[in-house]
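In what follows, a structure is listed as structure tokens, so that the remarks can point back to it.
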Amino acid sequence: MGGRRMRRRTAVVAPVLASALAVAAGTDVAAAASGNRADEFYYTSSRTGDEVRCVVYAEFSSTQRTGGDWALRAIVRISDGPAECNDGLAHLEANDGSGAPPTFNGGGSYVEVSTTTATEVTSITYDVYFNGCACYTPEYSSPK
105 MGGRRMRRRT
115 AVVAPVLASA
125 LAVAAGTDVA
135 AAASGNRADE
145 FYYTSSRTGD
155 EVRCVVYAEF
165 SSTQRTGGDW
175 ALRAIVRISD
185 GPAECNDGLA
195 HLEANDGSGA
205 PPTFNGGGSY
215 VEVSTTTATE
225 VTSITYDVYF
235 NGCACYTPEY
245 SSPK
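Taking our numbering, the leading residue of the sequence shown gets 105, the next gets one more, and so forth.
See the structure below:
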């Protein structure tokens with residue numbers, strides 16, 4: 105019986121310590137911008153003639169590093185839909201106020217970015233081109 109109590113206490117203490125370490129580790133980081141959103145997009149498949157529903161999901165975070173530059177993490181992907189939704193090209197722009205935002209492209213209706221920027225990225229703009237209809241989604245922005 106004593107062993108069982110000890111395991112319960114350890115299970116409770118471990119998450120508390122992990123949370124405390126995470127907070128302490130983040131103290132040297134300045135403000136951050138972030139956002140996420142999901143949008144449904146429908147099209148008629150040129151392959152099957154059926155209506156296709158794709159959910160385009162995007163998220164980003166821009167966090168100042170101790171050296172003064174910014175860590176950017178961003179992703180655009182299909183979060184729900186048939187395999188046909190993954191046959192396309194994703195395009196993402198990181199809006200950092202420079203007037204010439206860095207752009208990133210990826211196949212499979214997917215693009216993921218992990219890089220540094222000189223200034224804070226405050227939003228991302230993105231769209232997806234689907235081969236199944238030879239069409240683009242509207243241009244989305246996160247945050248909305």
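Just so it is clear, CB atoms sit at the ideal spot from N, CA and C, and this is done for glycine as well. None of the values given here were measured: they were computed from a predicted structure.
Residues of the same chain with a CB within less than 7 Å of the CB of tryptophan 174, apart from the 5 flanking positions on each side, are Ser166, Thr167, Gln168, Thr220, Thr221, Thr223, Glu224, Val225 in chain order.
A straight line joining the alpha-carbon of asparagine 235 with that of serine 227 spans about 27 Å. CA-to-CA, the gap between histidine 195 and tyrosine 244 works out to about 11 Å. Straight-line spacing of the CA atoms in glutamate 188 and glycine 203 works out to 35 Å. Taking the C-beta atoms as reference points, valine 217 is found nearer than 8 Å to alanine 178. Ranked by Cα distance from threonine 229, the first of Gly211, Gly212, Cys237, Gly201 is Gly201. Under DSSP, asparagine 209 takes part in a beta bridge, and its partners are His195.
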